[in-house]
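This report refers to the structure that appears directly beneath it.
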Amino acid sequence: MISVPVATPSRSYEVLIGGGLLTRAGECLGRFLENRRAFVVTVAPVRRLWAKVLKKSLAASGIETELLEMPNGERSKRLATLEKLAEQLVKLGADRGITLIALGGGVVGDVTGFLASIYMRGVDVIQVPTTVLAQVDAAIGGKTGVNLVSGKNLLGTFHQPRAVLVDPAILETLSTREYFAGLYESLKCGVIGDPGLFRLFEDKRREILDRDPVMLEKVIADSVRLKASVVSADEREGGLRQVLNFGHTIGHALEAETRYAELLHGEAVAWGMIAATHIALSTGKLDSVTAGRITNAVLGFGKLPRMKLQTANIVKRLRSDKKTKQGVVHFILPREIGKVEITSDVPEAIVRSAVDEIRKLARN
Ligand SMILES: NC(=O)c1ccc[n+]([C@@H]2O[C@H](COP(=O)([O-])OP(=O)(O)OC[C@H]3O[C@@H](n4cnc5c(N)ncnc54)[C@H](O)[C@@H]3O)[C@@H](O)[C@H]2O)c1
Ligand SMILES: [Zn+2]
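Mapping the sequence shown onto numbering that gives the first Met the number 0, position 80 (from 1) lands on 79, and the numbers just tick up by one.
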């Protein structure tokens with residue numbers, strides 16, 4: 000088992016990583032759950048596949064759990080879901096001493112984390128992420144949130160978990176599309192801060208895409224280390240944490256422009272990484288060989304979903320993004336493999352040419 004520490008001003012905890020770890024959840028998490036009631040929050044597809052394994056392994060350590068189910072999918076990431084879950088908790092007699100366990104992807108993690116931060120003014124949460132995206136990103140760092148009709152993740156809190164249990168074997172049951180989409184975030188970690196991880200995507204691509212257990216555990220653990228180190232240095236997005244947004248500036252605009260219907264988040268980030276790399280090359284911040292390596296690594300996963308784009312619309316969205324401060328668009332640009340720079344002064348003509356570039360790639 001690999002243990003990666005996360006140390007933030009509000010709490011320090013461990014991310015425990017290992018193939019098959021879910022079957023040892025009792026022994027790993029027992030110390031956090033002693034004499035506490037535990038409620039597992041999950042969605043139907045994950046409950047059917049994995050809830051029993053978790054429940055059984057906790058029970059073997061004398062920890063009984065109750066199961067709460069929320070509707071699956073991004074559309075259930077809203078305040079109404081929290082309210083329903085909270086009502087159920089009250090009915091079950093849950094008090095301030097309970098622990099919530101989030102068993103699912105980023106949606107379950109965000110909802111459960113948020114609920115834990117406000118239920119009776121705050122209870123403990125343990126994250127057990129079941130998608131690549133959640134294992135390498137969403138479950139670590141304590142950001143929680145739900146969507147408003149006006150935009151994504153506009154309500155939320157910071158609430159660090161007591162522990163995070165990451166079992167890459169859980170990813171076996173993920174669809175190929177979801178699996179690949181999450182891996183783009185892992186590749187992102189390589190580009191922003193871990194050349195060794197990036198090289199794995201070049202040298203061991205086949206093994207990674209085929210979910211070779213040894214390689215998968217390594218990729219997940221390296222990505223977790225990167226995210227954990229960034230979060231430990233900057234819990235509340237003071238600045239450094241922004242580097243995690245490599246590929247996300249244009250990625251978010253693409254997601255919104257395609258109405259969150261055509262691209263998974265990781266796929267939008269993949270296109271966004273290609274665009275950011277193009278911008279870095281055009282502004283002289285990156286050499287062409289390295290730009291080629293990044294682009295090839297992204298495209299090496301296979302075809303990304305096609306989409307029809309209007310460059311002008313994307314540029315407009317970039318300017319009006321709700322999280323854009325005073326109309327200034329920030330880009331995270333690679334300088335070399337493992338090193339990025341945050342900049343806000345990219346000429347609009349260069350942004351346009353980067354969007355044109357992915358528009359062309361996305362058409363054929
Ligand atoms: N809090 C953060 O820091 C943070 C960071 C990144 C993303 N997010 C959020 O994460 C969400 C996306 O997360 P996601 O991509 O995991 O989506 P998701 O939670 O909707 O999961 C994707 C799909 O996979 C299914 N699934 C989950 N685990 C499975 C498994 N092991 N086997 C088979 N099917 C499985 C789910 O039921 C769902 O249908 C977004 O809402 C995003 O805003 C949060
Ligand atoms: Zn992301």
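Quick reminder that beta carbons are idealized off the backbone N, C-alpha and C, glycines included.
Keep in mind it's a predicted model, so treat the numbers as computed, not measured.
Legend entry - CB contact flag (Met214, Gly246, <7 Å): no
Inset, instruction - Look up Leu186 in the DSSP assignment and give the residues it is bridged to. - result: Paired residues: none, contrary to the question.
Legend entry - For Pro128, the residue or residues it bridges with in DSSP: Gly103
Inset, instruction - Per DSSP, which residues does Leu332 bridge with? Please list them. - result: Glu340
Inset, instruction - List the whole-angstrom C-beta distance separating Val124 from Ala137, where the pair is believed to meet the contact cut-off of C-beta under 8 Å. - result: Actually they are not in contact, since the Cβ atoms of Val124 and Ala137 sit about 13 Å apart, beyond 8 Å.
Inset, instruction - Kindly examine ligand 2 and report whether one of its heavy atoms sits closer than 6 Å to the Cβ of Val223. - result: no
Inset, instruction - May I have a chain-ordered list of the beta strand (DSSP E) segments no shorter than 3 residues that lie completely inside the stretch 114 to 179? - result: 123 to 128, 145 to 147, 150 to 154 and 162 to 165
Legend entry - Contacting residues, own chain, Cβ-Cβ under 6 Å from Arg36 (five flanking each side not counted): Ile97
Legend entry - Sequence-distant residues of its chain with Cβ nearer than 6 Å to Phe300 (five each side left out): Phe179
Legend entry - Test item: CB-CB of Ile336 and Phe197 under 7 Å: yes
Inset, instruction - Report yes or no: do the stretch 246 to 257 and the stretch 301 to 317 share at least 3 C-beta pairs separated by less than 8 Å? - result: yes
Inset, instruction - Determine the closest residue to Arg316 out of Val14, Gly18, Glu347 and Thr294, with distance taken between C-alpha atoms. - result: Glu347
Legend entry - Extent of the continuous alpha helix (DSSP H) run through Val371: The question about residue 371 has no answer, for the chain in this structure spans 0 to 363.
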